[in-house]
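K.L.:
Heads up: the sequence lines are chains A and B, in that order.
Going left to right, the first sequence walks through residues 958 to 1530 as our numbering numbers them.
Going left to right, the second sequence walks through residues 196 to 358 as our numbering numbers them.
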Amino acid sequence: MKPESADNIMRRTILSSMILIPIIPFILVIFIGYFYSKIAIENRTVESMQRIVEDHRQMIDTFLRERRTNLEFIINTHAFEDLNTSRSIEFVYHNLRTISNAFVDLGVFDEDGLHVAYHGPYQLEGKVYKKEPWFKEVMETGVHISDVFLGFRDYPHFIIAVKKTENSRTWVLRATIDTHIFNTMVGRIRIGDTGEAYIINRDGVFQTQPRTGGNLLETDPSRLKYLKHHDGIATYTSLRDYGWFGGLSTPVHDDYLVATVWLKEKPWLLVARQEKRDAFSGLRAVMYMIISIAAIGSATIVLVAFNQTGRLLQRIKDVSGEKAHLENQLIHATRLAELGQMAAGFAHEINNPLQIIRSEQALMDFILTEMKEKKEITNDQSIEELEDSMHQMIVQIERCSGITQAILKFGRHTEPQIEDIELKDFIPEIAGTISNKASVHGISVKQLIDEETPMVRGDKGQLQQVLINLFNNAIDTIVDRHGSHGGKLSISAKAAGDKWVDIAVQDNGTGISPESMEKIFSPFFTTKPPGKGTGLGLSVCFGIVEGLGGKMDVSSQVGRGTTFTVRLPAATA
Amino acid sequence: MKLLIVDDEERFLHSTQKLLNRKGYDVETAPSGEKCLEILGEKAIDVVILDVKMPGIGGMETLRRIKREQPMTEVIMLTGHGTAEYAVDALLRGAADFLVKPVSIPELIEKVEAAMARRMVLEEKIRAAKALKAAEAGLSTQSSDPAGPEETITNTANSGKKQ
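1. Which residue comes first and which comes last in the beta strand (DSSP E) that contains V1218/A?
2. On the CB-based measure, 16 or more other CB atoms within 10 Å of its CB, does T1055/A come out buried or exposed?
3. DSSP three-state call for S974/A: helix, strand or coil?
4. Give every residue of the same chain whose Cβ lies closer than 6 Å to the Cβ of N1158/A, excluding the five residues on either side of it in the sequence, and list them in chain order.
5. Please report the distance separating the alpha-carbon of V1209/A from that of D1235/A.
6. Check whether the Cβ of T257/B lies closer than 7 Å to any Cβ atom in chain A.
7. Going by DSSP, which residues form a beta bridge with T1122/A?
8. Tell me whether D1345/A sits in a helix, a strand or coil according to DSSP, three-state version.
9. So what does DSSP say about S1470/A, is it helix, strand or coil?
10. Who are the near neighbours of G1108/A in its chain, counting only those whose CB is closer than 8 Å to its CB and skipping five residues on each side?
11. Measure the alpha-carbon distance for T211/B versus D1345/A and round it to whole angstroms.
12. E1029/A and V1119/A - do their beta-carbons sit closer together than 7 Å?
13. Can you list, in chain order, the residues of the region 198-212 of chain B whose Cβ is nearer than 7 Å to any Cβ on chain A?
14. To which residues of the same chain is C1357/A closer than 6 Å at the C-beta, ignoring the five residues directly before and after it?
15. Under 8 Å Cβ-Cβ, which residues of chain A neighbour P297/B?
16. Kindly give me the distance between the Cβ atoms of V201/B and T257/B, rounded to whole angstroms, as I take these residues to be in contact under 8 Å.
17. Thinking just about the alpha-carbon of each residue, which of Q1080/A, V1085/A and I1117/A is nearest to the one in V1095/A?
18. Quick one: what does DSSP say T1410/A is sitting in, helix, strand or coil?
19. What does L214/B touch in chain A if you count any residue whose Cβ is under 8 Å from its own?
20. For A1059/A, tell me which candidate among V1065/A, F1066/A and H1051/A has the shortest Cα-Cα distance.
21. Between the Cα of V1511/A and the Cα atoms of M1474/A, A1290/A, A1527/A and E1295/A, which residue gives the shortest distance?
22. Could you please give me the residues that DSSP links to V243/B through a beta bridge?
23. Of all the CB atoms in chain B, is at least one closer than 7 Å to the CB of H1305/A?
24. Listed from N- to C-terminal order along the chain, which residues in the region 250-275 of chain B have their beta-carbon within a distance smaller than 7 Å of any beta-carbon of chain A?
25. Which same chain residues, not among the five before or five after G312/B, have their C-beta less than 8 Å away from its C-beta?
26. Does the structure place the region 1459-1469 of chain A close enough to the region 1422-1430 of chain A that three or more beta carbon pairs sit under 8 Å?
27. Since I believe K1451/A is in contact with D1382/A (beta carbons under 8 Å), could you give me their beta-carbon distance rounded to a whole number of angstroms?
28. Tell me which same chain residues have a C-beta within less than 7 Å of the C-beta of Y1086/A, skipping the five on either side of it?
29. Run down chain A in chain order and give the residues with a C-beta less than 7 Å from the C-beta of R288/B.
30. CB I1307/A to CB T1361/A, shorter than 7 Å?
31. Express the C-alpha separation of W1219/A and D1188/A in angstroms, rounding to a whole number.
32. May I have the straight-line CA-CA distance separating D221/B from I240/B, to the nearest angstrom?
33. Looking only at DSSP bridge pairs, what is V1085/A linked to?
34. When you compare each of A1363/A, I1248/A, L1343/A and Q1514/A to K1489/A by their alpha carbons, which one comes out closest?
35. Could you tell me the distance, in whole angstroms, from the CA atom of A963/A to the CA atom of L1270/A?
36. Should the region 1010-1021 of chain A be regarded as contacting the region 1135-1151 of chain A, the criterion being three or more beta carbon pairs within less than 8 Å?
Given below as structure tokens:
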């Protein structure tokens, strides 16, 4: 599996849990909130509709009852003879008008339906109503309130008629009610923008002029379903009728919240209705608010999740990078230690044959000298060449010996003598030992020891070895680049955080190529010409610094110079 | 002066013996610590050149036994394992010097001569002390102990000159 895809899987896992875990309860809360506010708003809306319809029913019933009792009062306080003339009825009519101007006319009928007296805008005296349904009903039940009709007058009106029987005489008093006044009274009922009220009779015929959807005295078959007889107030609404979201997505204009109630005075149905869109507009506002909260909340959760996941991953990446770096260092250090041991064993074994070669060489040299003295060989040139060769053997043995000594030093595991070292004193002391060599090569040596540099824990001898090695390397590389002019070497020391002290040796020498950087601390790696360096100096330094619990690092740029940094544990005060 | 070189490298013994013989030294060789002690029991040896790492009893144990049995015998340690710990240990156990292979033959001879000189100084002091003691006791019996080695030395020096 590629590390990248593993990264992606981790990213997805973290991201999805960071989004899902807060968003599920969040959405749940939102839905519960919506659900309950919906119920509350619905109930409130329906209740207010019911209250309105009930209030108006009472008002209309009161109106009808008052008109009826007006007539009953007249008929009960007068005898037929008092009212059977135009003059007397006119007098009563005018009194009646002072009570309610809804009365349009007033008339008196005898038991045969003959209109004996009348006052009003028409000439109706002398007409016989015996066969009219209203007359029949009033004769039967004693009181009659008619539906609205056009009648002889071709003008919408309804009548109230009452009957009286005294001294074996029966007579009827009838009044016409101005539909316009009645209509205005019912039509005044306004609810919201689209709410309205109207009255229909038992056959579904409009008794008042509805604001929408029909005309007076017409029948709207769609409203017939309301006509089923019921007690109290009936409401017609359901979730399905206006949808879960309050008709948010599809504005329905002809879907209504309806409340109906039967009048008590007359089998008329008072219908109040309001477009659900309008009635439940509060619900829509809540819905908008909830959608906004959900959107903003979700967006926030997602944004935060992305942000945090990014940070978390970066942190994980940093830590694993650090871990990998430490592992590398550890492997490197282990490998160095193993190499050291192997090299030490190797050096020991090489020393024995070297000793033999040395003995053999000495023997050969001795014999050659003897032969020369005894004149057994006389060719001077050959002798010279042989002697040169002998000398070379010594030189090369010395060289091998130098290498093995260095290896043995490298592989040696002596316990360091740990003590607190004051760098302000120690570094100038060490720098003093190389100042001669530096000035010979025209190198200016700068010491930048911070006044606040704490003491370090280490072994003086080992630290000296490390620093001298670094100084010598620096001088060599400076000489390579600058000859005997313009070299700069600086030694600095300062605290690195609370626990560490950095000692840096910086030169302006040739610098180290990136390929060499990788192997810089490996044993036997050297850029010096053969015979000049063993390639062990820096690896010994590295081993020492690791052994002291520190870290050694290098940064370099070809053509600009190199900085070696030795990080040692600060002495605990 | 009689030398004994102890090393498990036969060729080293062979060529060094030949070289030192030519230079006028009487050289015995032993390939092991056990053989070294055996020879020391039979012959009078002035200086032992002793390898540290050998099969059998190693150089350090051999040194300990030599110093126990013949404290006057000078021992120069010669080893490929040139560590400071070994060197300090050997010197504490009475070794005259501690050399790390490969050592040059002139240096080796120099160290041998130095050890020899030291031994002679020591013997001179012992003899003087004994002579003083004898004079005090009024006894004229010249002990054969110090005379023996002195004669040997003289002989060796003479034979070297002769060759």
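The C-beta atom is built at its ideal place from N, Cα and C for all residues, glycine as well.
P.N.:
Looking at the atomic coordinates:
1. Y1213 to W1219
2. exposed
3. helix
4. D1104, Q1164 and W1225
5. Note that V1209/A scores a pLDDT of 45, beneath 50, so its modelled location is shaky; the value from the coordinates is reported in the next line. V1209/A and D1235/A: Cα-Cα distance of roughly 10 Å.
6. no
7. T1127/A
8. helix
9. coil
10. H1114
11. 22 Å
12. yes
13. E204, R206, F207, S210 and T211
14. L1311
15. N1308, L1311, Q1312, I1314, R1315, I1354, C1357 and S1358
16. 7 Å
17. I1117/A
18. coil
19. S1316, A1319, L1320 and F1323
20. H1051/A
21. M1474/A
22. L199/B and V270/B
23. yes
24. G275
25. Contrary to the premise, residue 312/B reads as Ala rather than Gly in this sequence. Cβ within range, chain order: n/a, list empty.
26. yes
27. Not confirmed; about 16 Å, so no contact.
28. F1066, G1070, H1072 and F1092
29. Simply none; closest approach about 20 Å.
30. yes
31. 7 Å
32. 10 Å
33. L1071/A
34. A1363/A
35. 12 Å
36. yes
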